[in-house]
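Input: a single structure, listed below in structure tokens.
This is how it looks when you write it as structure tokens:
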């Protein structure tokens, strides 16, 4: 059993949960995730470790609660317990000092991006962080990301905060400006966003890393459910990833596989009285 | 009828038939298929044993169960003693009585099998083990061993790990099992379906180990949560039995389509996560009327029989050799056929065909014929040109095998591996690191429960020797 130390709402349907998991907190590196199962009979859900405090023995999880299972997880109050937290899983992010880098986060992907930005900042990179969402209500972690970044840019689809439009617009400006062009780009968010970023940086040959969120069951390299095509080869996101070279990822295939259980999820949503959305855990 | 029978009288008894749920009824439920012998059947079967001196059957058992002795106790209606003998040799007898391929092991060497039918050793093992589970108050307990003061870490709570843990605990060592998943049993729980091995049996076998003082820590992934070097600081010896890993892909077009499963994913969803078995399970599973399972082993049989129970009208085994070459147990093939599974033999997949919206619609196959034997001794299949055809299927399950899991070995650079990533061991199970032993699928690649258990038992003996030497 893993105790929930705190649980706060950062934005609509987005919770920041601090969970006591001393071994995971000690072993964890940026880019890794945990498999979480709230209780007997519940799904195993992969969640990125947003941050960790090895001294306090806690990990921070950012959870977008729009599926039946994640909604039940975030209903757990401080002092309550999560039955299973296993990790850290996946490979750690390759961190080096590139010099100028761009970190692009879309929606809850910003939460996955956060530990990367932190590690990149610690390695001395000059970071331009670009985060986006549908409206200002979906812009998260800007206070946390701002001190780690040289520049923090915000884009919203409705223009309620920052520039109006998608995160790709400010990134495009950076790529076109010889003074600001990044040596590496990290992008985490919805698949179409990551695909668009990959296409933008491909022409200039800029190293681009994405963190993928395929369907997983065990997360330990046993079931093969999280397979993605990378450079024409089958890779398993749980052991070979979750981060991959964006220029080699088959995003269309990933998108398709993410819809495998849409019908079953719709039934569960109806059962739990939720009207919209689809389970995207990370 | 007493146990004082002449050989002639023993020879006159016919082998017991295992009572089964009717195929019609069981092919739609996850209830256990084999119901177990009743007491009359069990006594009669035990009395078929000739109690021969050379104990050929024992040599065929990877964990060397004292077969004639436990059968003799059973024939004498002394079940407490039968249970004591059996449990003394085998940490998981109720499991082995259900899933061991006795027909190629102990029973294959039974003298009675030369001219007739061998003694149904597996049925008797199950009978005694099940009796023991239901009569804990009547069990004879060996004296608790003196604590050795030594500690052993066991990596993995599957058949090899559980067996080693039981053996080591009985030697007085303090054993901690580390399990990556959220529940015990390893492949016994995530891999083998309920209709062959009810989960309750695993729970009870594990409870016996807990009573012996074995500690089980779930959700700990060695290689990730803790490393082998961290375990070495804390424990006097380590046994690695973390099992098989990543599925072997078919490497044919269409493997990314929706509705294509690797056997482990399909079975884990249903067995471990209870998808499709319980209405309130949170984990979904794709159910279709036509399901094609590729492979001819026990895992393929488990998948196809599970698909049938999930409602498939047409559940098919697609195998590139013939039925005689199938590695699956004869009993599994028989049960699958009774349950309406179709066997599409001498057929190899060449591509998985999808719809416009990326769902599986068919398995494109080609017919094979058998040529001369290959290095495995089985006749090598070769493709018949121009024989391609499409088998309609909404779900395709790949049950061709697995490769070594890299999670532990990736963070233990001193551990010597073979070219496939399996851990190399000496004859007594020791790895290239002193005090670190290994067994089961991480050493063998894909094998059986009982071979893994044999590894666990052998390694436990070697670990015990190692700890005693270390003490001196």
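Chains as they are written, first to last, in our numbering: chain A, 14 to 295; chain B, 4 to 475. For glycine and all other residues, C-beta sits at the position ideal for the given N, C-alpha and C.
Within the same chain, 312 come within 7 Å of residue 32 of chain B by CB-CB distance, once the 5 residues on both sides are set aside. With a threshold of 8 Å between beta carbons, residue 40 of chain A makes contact with chain B. Under a criterion of Cβ atoms nearer than 7 Å, no residue of chain B is adjacent to residue 224 of chain A; the nearest Cβ is some 17 Å distant. Between residue 409 of chain B and residue 248 of chain B, the CB-CB gap stays under 8 Å. Residue 91 of chain A places its beta carbon 8 Å or farther from that of residue 198 of chain A. Among the residues of the region 93-124 of chain A, those with a Cβ less than 8 Å away from any Cβ of chain B are 96, 97, 98, 99, 100, 101 and 102, in the order of the chain. Judged by their CB atoms, residue 344 of chain B and residue 308 of chain B are nearer to each other than the 8 Å cut-off. Beta-bridge analysis with DSSP links residue 369 of chain B to B:351.
Chain-ordered, the chain B residues with CB closer than 8 Å to the CB of residue 50 of chain A read 185.
Residues of chain A whose Cβ lies closer than 7 Å to the Cβ of residue 227 of chain B are, in chain order, 40, 100, 101 and 102. Between the region 153-160 of chain A and the region 180-192 of chain A there are fewer than three inter-stretch CB-CB distances shorter than 8 Å, so the stretches are not counted as touching. Just so you know, the alpha carbons of residue 111 of chain A and residue 200 of chain A end up roughly 16 Å apart.
Within chain B, no C-beta atom comes nearer than 9 Å to that of residue 46 of chain A; the closest sits roughly 11 Å away. The beta carbon of residue 139 of chain A sits closer than 6 Å to the beta carbons of 113 and 163 from its chain, once the five residues preceding and following it are set aside; these are given in chain order.
Take residue 252 of chain A, set aside five residues on each side of it, and the residues of its chain with a beta-carbon closer than 7 Å to its own are 234, in chain order.
Contacts with chain A (Cβ-Cβ distance below 7 Å) from the region 148-172 of chain B involve no residue at all.
Under the three-state reduction of DSSP, residue 230 of chain B is assigned to coil, being neither helix nor strand. Contacts between residue 273 of chain A and chain B, judged by CB atoms closer than 8 Å, involve 261, 262 and 289 in chain order. When 9 Å is used as the limit between beta carbons, residue 313 of chain B is near no residue of chain A, the shortest such separation being about 13 Å. Scanning its chain for C-beta atoms nearer than 7 Å, with the 5 sequence neighbours on each side dropped, one finds around residue 227 of chain B the residues 410, in chain order. Of all residues in the region 70-87 of chain A, only 81 and 82 come within less than 8 Å of chain B when Cβ atoms are compared, listed by chain position. Residue 172 of chain A carries a coil assignment under DSSP once its states are collapsed to helix, strand and coil.
Residue environment for residue 94 of chain B: buried (at least 16 other C-beta atoms within 10 angstroms of its C-beta).
Pairing residue 147 of chain B with residue 237 of chain B, the inter-Cα distance amounts to about 24 Å. At least one CB atom of chain A sits nearer than 8 Å to the CB of residue 248 of chain B.
Chain-ordered listing is empty here: chain A has no CB closer than 9 Å to the CB of residue 444 of chain B, the nearest sitting near 11 Å. The Cβ of residue 207 of chain B sits no closer than 8 Å to any Cβ of chain A. Looking at the DSSP output, residue 28 of chain A bridges to A:22 and A:76.
Under the 8 Å Cβ criterion, the region 64-71 of chain A does not count as touching the region 202-220 of chain A, having fewer than three qualifying pairs.
Residue 139 of chain B sits in a helix when the DSSP states are folded into three classes. Judged by DSSP in its simplified three-state form, residue 445 of chain B adopts helix. Scanning B:18, B:34 and B:19 for the CA closest to the CA of residue 25 of chain B turns up B:34.
For residue 277 of chain B, at least one C-beta of chain A is nearer than 8 Å to its own C-beta. Cα atoms of residue 164 of chain B and residue 459 of chain B: separation of roughly 6 Å, rounded to the nearest angstrom.
From the listed residues B:293, B:55 and B:27, the smallest Cα separation to residue 315 of chain B is found for B:293. Counting C-beta pairs with one atom in each stretch, the region 267-277 of chain B and the region 370-390 of chain B have fewer than three that are closer than 8 Å, which means they do not touch.
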